[in-house]
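Q:
In the numbering used here, the protein residues as written are 48 to 451.
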């Protein structure tokens, strides 16, 4: 069964959003873990404060009371911080649903803090009265132990929350890892298969003509291309000498392929064999046909699936190349010229012969038809022949001629 590229990419889009969501959740859990550390540090800091409140200097009551007031106020501020921190502890609130329990613990902590502050205040005020000293000291120790035990209780519960959270995160992490691993393997395989389909359609690797097409879209394109190949094989559209398109085949192939060019630039080039015409037959008919066949074959080596090549006159070839840039199109056409120049012909009674071509190159505007583009390319070709052989000229060269 063939797969749809559209469906694969829609599912891939969903998968990437899933990975993004998981990354976001992981970030939030990391921040929650930081909040848990802050909560522990806060509670330990409270224990340090209440411990210090039991050891103020009783010889200077005024100073002790000033220190007491500052630290007792700080205790309530620390409790407010715990409430503020808990606002962002979404796991505890919404997954473990311990909000009521936690807020009750904080309220109890606040009440015990008030009692401790009250006991500590009475202790320092009455510290010089022997009558009340022992009683107030006992009350302070009782309040201290109750407050300290409540802080320890909250710390222990925080450990329990973190353990439960860790178990949940551990299971979720393992499950998510295998989901991401499996999905990555699947989509890597599918994307690689899509690339192979594209590679096959462009026929980059000639050894893979028996490639089993994976996607429905590539299969549809291949079927269309095959149908167009059959049309091109029509004898009335082929040049009998070279086996490539004739003028009629050029028009037909261009009509079929122009919709496959996407947004690429379309270059039209007319190449003419130098010193080679009907009226000036230097070689025998057999040698002439051999030259034409080799030139046509050389041009076809540079042809891509969306290109069209044809023999449109006795000594002329028309090339329609579709490339991503104007520069690349001209470069490829000039490579054709160089490849033809490198051909070696051994002609009987003549010896080794080098064949060269001259050409006119233009980028066809979208609002210009093929006939007009060919006419302009031939005009540039005629100018090229007047200034020397074995050259490819383009529109700007003709413009420079007019300017001069």
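Yeah, the Cβ is synthetic: ideal placement off N, Cα and C, and Gly gets one too.
Just the C-alpha distance for residue 189 and residue 99, rounded to the nearest angstrom, thanks.
A: Position 142 of the chain shown, counted from the first residue, corresponds to residue 189. Position 52 of the chain shown, counted from the first residue, corresponds to residue 99. Whole-angstrom Cα-Cα distance: 16 Å.
Q: What does residue 441 pair with, by DSSP beta-bridge criteria?
A: One-based indexing of the chain shown puts residue 441 at position 394. 408, per the DSSP bridge assignment.
Q: Out of curiosity, what's the CA-to-CA distance linking residue 376 and residue 281?
A: The sequence position of residue 376 within the chain shown is 329, counting from 1. The sequence position of residue 281 within the chain shown is 234, counting from 1. Going from the Cα of residue 376 to the Cα of residue 281 covers about 29 Å.
Q: If you check the beta carbons only, do residue 350 and residue 342 fall under 8 Å apart?
A: Residue mapping note: residue 350 aligns to position 303 of the chain shown, counting from 1. Residue mapping note: residue 342 aligns to position 295 of the chain shown, counting from 1. Against a cut-off of 8 Å, the Cβ pair of residue 342 and residue 350 comes out as no contact.
Q: Residue 400: which of 391, 407, 148 and 124 sits nearest, CA to CA?
A: The sequence position of residue 400 within the chain shown is 353, counting from 1. Out of 391, 407, 148 and 124, 391 has the C-alpha closest to the C-alpha of residue 400.
Q: Taking the runs of the alpha helix (DSSP H) that are 4 residues or longer, which of them lie wholly in the stretch 371 to 431?
A: 373 to 388
Q: Check the C-beta distance from residue 96 over to residue 121 and give it rounded, since I have them as a contact under 8 Å.
A: Residue 96 sits at position 49 when you count from the first residue of the chain shown. Residue 121 sits at position 74 when you count from the first residue of the chain shown. With 8 Å as the limit, residue 96 and residue 121 qualify as a contact, their Cβ atoms being about 6 Å apart.
Q: Apart from the five residues on each side of it in sequence, which residues of its chain come closer than 7 Å, Cβ to Cβ, to residue 354?
A: Sequence index remark: in the chain shown, residue 354 carries index 307 (1-based). Same-chain partners within the cutoff: 367, 368 and 369.
Q: Out of 339, 352 and 394, state which residue places its alpha-carbon closest to the alpha-carbon of residue 363.
A: If you number the chain shown from 1, residue 363 lands on position 316. Out of 339, 352 and 394, 339 has the C-alpha closest to the C-alpha of residue 363.
Q: What distance in whole Å lies between the Cβ atoms of residue 293 and residue 358, which are believed to be in contact at a cut-off of 8 Å?
A: Within the chain shown, residue 358 is the residue found at index 311, counting from 1. Within the chain shown, residue 293 is the residue found at index 246, counting from 1. Confirmed, about 6 Å.
Q: Quick one, which of 133, 64 and 303 has its alpha-carbon nearest residue 82's?
A: Here the question's residue 82 lines up with position 35 in the chain shown. For the residues 133, 64 and 303, the minimum Cα distance to residue 82 belongs to 133.
Q: What are the start and end residues of the beta strand (DSSP E) that includes residue 320?
A: Here residue 320 refers to the residue found at position 273 when the chain shown is read from its first residue. Unbroken beta strand (DSSP E) run through residue 320: 312 to 320.
Q: Where do the ends of the beta strand (DSSP E) carrying residue 152 lie?
A: As a position in the chain shown, residue 152 is number 105, starting the count at 1. Unbroken run through residue 152 is the alpha helix (DSSP H), 146 to 172; no beta strand (DSSP E).
Q: What are the boundary residues of the alpha helix (DSSP H) that residue 355 is part of?
A: The sequence position of residue 355 within the chain shown is 308, counting from 1. Run containing residue 355: none in the alpha helix (DSSP H); it sits in the beta strand (DSSP E), 355 to 360.
Q: Starting from the Cα of residue 193, find the closest Cα among 152, 210, 220 and 233 and give me that residue.
A: As a position in the chain shown, residue 193 is number 146, starting the count at 1. With distances taken between Cα atoms, residue 193 lies closest to 152.
Q: Looking at C-alpha atoms only, which residue of 139, 110 and 335 is the closest neighbour of residue 168?
A: Your numbering for residue 168 matches position 121 in the chain shown. The shortest C-alpha separation from residue 168 is found at 110.
Q: Given a threshold of 16 other Cβ atoms within 10 Å of its Cβ, counted over all protein chains shown, does residue 159 qualify as buried or as exposed?
A: Within the chain shown, the letter at position 112 stands for residue 159. Answer is buried; the Cβ neighbour count reaches 16.
Q: Tell me whether residue 209 sits in a helix, a strand or coil according to DSSP, three-state version.
A: Indexing the chain shown from 1 puts residue 209 at position 162. If DSSP states are grouped into helix, strand and coil, residue 209 belongs with the helices.
Q: Report the option in 438, 380, 315 and 241 whose CA atom is closest to the CA atom of residue 49.
A: Looking up residue 49 in the chain shown gives position 2. Answer by Cα proximity: 241.
Q: Identify whether residue 348 lies in helix, strand or coil by the three-state DSSP scheme.
A: Counting from 1 along the chain shown, the entry for residue 348 is found at position 301. Three-state result, residue 348: coil.
Q: Using three-state DSSP, classify residue 187 as helix, strand or coil.
A: The count along the chain shown starts at 1 and reaches residue 187 at position 140. Reduced to three states, the DSSP call for residue 187 is helix.
Q: How is residue 363 classed by DSSP in three states: helix, strand or coil?
A: The sequence position of residue 363 within the chain shown is 316, counting from 1. Residue 363 falls in the strand class under three-state DSSP.
Q: Starting from residue 1, trace the alpha helix (DSSP H) in both directions and tell me its first and last residue.
A: The displayed coordinates of the chain run from 48 to 451. Any statement about residue 1 would go beyond what the structure contains.
Q: Just to confirm, are residue 424 and residue 407 a CB contact at a threshold of 8 Å?
A: Counting from one through the chain shown, the residue named residue 424 turns up at place 377. Counting from one through the chain shown, the residue named residue 407 turns up at place 360. Taking C-beta atoms as the reference points, residue 424 and residue 407 count as a pair closer than 8 Å.
Q: Please report the residue range of the alpha helix (DSSP H) in which residue 53 lies.
A: As a first step, residue 53 must be located in the chain shown, where it is residue number 6. Run containing residue 53: 52 to 100, per the alpha helix (DSSP H) assignment.
Q: Are the stretch 377 to 387 and the stretch 322 to 332 in contact at 8 Å, needing three or more beta carbon pairs?
A: no
Q: Three-state secondary structure (DSSP) at residue 240?
A: Residue 240 sits at position 193 when you count from the first residue of the chain shown. Helix at residue 240.
Q: Using three-state DSSP, classify residue 252 as helix, strand or coil.
A: The residue you call residue 252 lines up with position 205 of the chain shown. At residue 252, the pLDDT of 44 sits below 50, so the modelled position is not reliable and the matter cannot be decided from this model.
Q: Quick one: Cα of residue 396 to Cα of residue 265, how far?
A: Counting from one through the chain shown, the residue named residue 396 turns up at place 349. Counting from one through the chain shown, the residue named residue 265 turns up at place 218. Residue 396 and residue 265: Cα-Cα distance of roughly 52 Å.
Q: With a threshold of 7 Å on Cβ separation, who are the neighbours of residue 93 within its own chain once the five nearest residues in sequence on each side are excluded?
A: The residue given as residue 93 occupies position 46 in the chain shown. Cβ within range, chain order: 122, 125 and 198.
Q: Answer yes or no: do residue 63 and residue 89 have a C-beta to C-beta separation smaller than 8 Å?
A: One-based indexing of the chain shown puts residue 63 at position 16. One-based indexing of the chain shown puts residue 89 at position 42. No, the pair does not count as a contact, with Cβ atoms beyond the cut-off.
Q: Please classify residue 320 as buried or exposed, where buried requires at least 16 neighbouring CB atoms within 10 angstroms.
A: Taking the first residue of the chain shown as 1, we reach residue 320 at position 273. Residue 320 comes out buried.
Q: My output table needs one value for residue 262: the three-state DSSP class, helix, strand or coil.
A: Locating residue 262 in the chain shown gives position 215, where the first residue counts as 1. Strand at residue 262.
Q: Which class does residue 324 belong to by DSSP, given the choice of helix, strand or coil?
A: Translated into positions along the chain shown, residue 324 becomes position 277. Coil, per DSSP.
Q: Which residues does DSSP list as the beta-bridge partners of residue 369?
A: As a first step, residue 369 must be located in the chain shown, where it is residue number 322. BP columns for residue 369 point to 313.
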